[in-house]
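See structure below.
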Amino acid sequence: MIDDKRLESIVSEAGRIALDLWPGAGADVRIWEKTPGSPVCEADLAVDTFLKRELGALLPSAGWLSEETADDPARLERDLIWLVDPIDGTRDFIRGRPGWAVSVALISNGRPLIGSLCAPARGEVWQAVAGKGATRNGAKLEASNRLEFAGARVPAADLMKQDRILTKVDQPNSIALRIAMVAADEADLVATLRWGFEWDIAAAALVAREAGAAVSDAFGRKLDYNKRDPRAFGLIASAPGIHGATVEHLSDRAATFSRA
Numbered sequence: 001m002i003d004d005k006r007l008e009s010i011v012s013e014a015g016r017i018a019l020d021l022w023p024g025a026g027a028d029v030r031i032w033e034k035t036p037g038s039p040v041c042e043a044d045l046a047v048d049t050f051l052k053r054e055l056g057a058l059l060p061s062a063g064w065l066s067e068e069t070a071d072d073p074a075r076l077e078r079d080l081i082w083l084v085d086p087i088d089g090t091r092d093f094i095r096g097r098p099g100w101a102v103s104v105a106l107i108s109n110g111r112p113l114i115g116s117l118c119a120p121a122r123g124e125v126w127q128a129v130a131g132k133g134a135t136r137n138g139a140k141l142e143a144s145n146r147l148e149f150a151g152a153r154v155p156a157a158d159l160m161k162q163d164r165i166l167t168k169v170d171q172p173n174s175i176a177l178r179i180a181m182v183a184a185d186e187a188d189l190v191a192t193l194r195w196g197f198e199w200d201i202a203a204a205a206l207v208a209r210e211a212g213a214a215v216s217d218a219f220g221r222k223l224d225y226n227k228r229d230p231r232a233f234g235l236i237a238s239a240p241g242i243h244g245a246t247v248e249h250l251s252d253r254a255a256t257f258s259r260a
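In structure tokens form, the structure reads like this:
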């Protein structure tokens, strides 16, 4: 159906375009706010334009949903869509930090078929194909097999009082990279309790799942993509053995915050 090598090449080239515009490599990038508190820069748009052209040529029948492109409802009529975040982790990008990634997923009837992340400032390319496993730089990934919730590693700058039974590890700004850390057994748990968007999580969620992690929304339900409203509330990616405990631990807050 699709040329996997060509897809990997396209996503890697998108990463190179972003890296050339990255302040951490000395570039002077123009930055503004789409909405208050939501920064965007010219690199976001350059990568988005490149990916829309190249992925459209690779699979012309697929629809398109991206953080940086006006939504076209015609995507809802497509069996396949590209789900793209040109630069996930824009805050790290504009501050010259390496915790950002290009995120691309191919969705079929609401389920991810292919997920690809390129984090060029970290020298990482993550790939997953449904039913065929996940890799980082070609090496097979196996997620954490932790069985005890207390002490689980979580990427976080700080923890709320009720979460301090967990163990903090380094937190990149990119939620996709945090999810990928679970796939690589560099974290046992990632959880969000806020409204986000499908493009933030689709590729990384497949990488984590194919590495053996449990992935769900904040209530433990399966994730769906290419919905009319592309917002999504909450995510849990964890070692399978602590997924149930995580859902239970977060249940009251998930119920409260989802109504906000």
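Here the UniProt record's numbering is used: the first residue of the sequence shown is 1, the next is one more, and so on.
Where is the CB? At the ideal position from N, CA and C, for every residue including glycine.
Bear in mind that the values here come from a model prediction, so they are computed numbers and not experimental data.
- Message: Could you give the first and the last residue of the continuous alpha helix (DSSP H) run that contains Leu7?
- Response: 4 to 20
- Task: Express the C-alpha separation of Leu235 and Ala191 in angstroms, rounding to a whole number.
- Result: 5 Å
- Out of Gly244, Ala211, Leu193, point me to the one whose CA is closest to Ala260's CA. Leu193
- Can at least three beta-carbon pairs, one atom from the region 90 to 105 and one from the region 198 to 215, be found at a separation below 8 Å? yes
- Task: Rounded to whole angstroms, what's the CA-CA distance from Trp82 to Ala152? Just pull it up for me.
- Result: 33 Å
- Query: Ordered along the chain, which non-local residues of its own chain (more than five positions away) have a Cβ less than 7 Å from that of residue 262?
  - Reply: There is no way to answer for residue 262, as the model of the chain reaches only from 1 to 260.
- Going by beta carbon distance, what residues of the same chain come within less than 8 Å of Arg228, once the five residues before and after it are set aside? Close CB contacts of Arg228 within its chain, under the 8 Å cut and outside five residues either way in sequence, are with Pro73, Leu76 (chain order).
- Task: In angstroms with no decimal places, state the Cα-to-Cα distance between Glu59 and Glu198.
- Result: The sequence as given places Leu at residue 59; Glu does not occur at that position. The alpha-carbon atoms of Leu59 and Glu198 are separated by roughly 20 Å.
- Query: Would the beta-carbon of Ser174 fall within 7 Å of that of Val11?
  - Reply: no
- Item | First through last residue of the beta strand (DSSP E) which encompasses Arg111 | 111 to 119 is the span of the beta strand (DSSP E), which, as asked, contains Arg111.
- Message: I need the DSSP call for residue 329, collapsed to helix, strand or coil.
- Response: Residue numbering for the chain in the displayed model covers 1 to 260; residue 329 lies beyond these limits and cannot be assessed.
- Message: Just to confirm, is the Cβ distance from Thr246 to Ser238 under 7 Å?
- Response: yes
- Please report how far the alpha carbon of Glu210 lies from the alpha carbon of Ala183, in whole angstroms. 8 Å
- Item | Residues of its chain near Asn226, where Cβ-Cβ distance is below 6 Å and the 5 sequence neighbours each way are ignored | Ile81, Ile107, Gly110
- Message: Measuring only the C-alpha atoms, how far is Glu142 from Val154?
- Response: If you take the alpha carbons of Glu142 and Val154, they lie about 17 Å apart.
- In or out: Leu21 buried (at least 16 other Cβ within 10 Å) or exposed? buried
- Simplified DSSP state of Phe233, which is helix, strand or coil: strand
- Would DSSP call Arg164 helix, strand or coil? coil
- Message: Using 7 Å as the threshold, is the C-beta distance between Leu51 and Val84 below it?
- Response: Yes.
- Taking DSSP as the reference, what is the three-state secondary structure of Arg53? Three-state result, Arg53: helix.
- Item | Start-to-end residues for the beta strand (DSSP E) that takes in Glu124 | 124 to 129
- Query: I think Ala254 touches Ala218, with their Cβ atoms under 8 Å apart; what is that distance to the nearest whole Å?
  - Reply: 4 Å
- Item | Separation of Pro86 from Leu45, as counted between CA atoms | When only Cα atoms are considered, Leu45 and Pro86 end up about 8 Å apart.
- Item | Range covered by the alpha helix (DSSP H) that runs through Ala176 | 175 to 183
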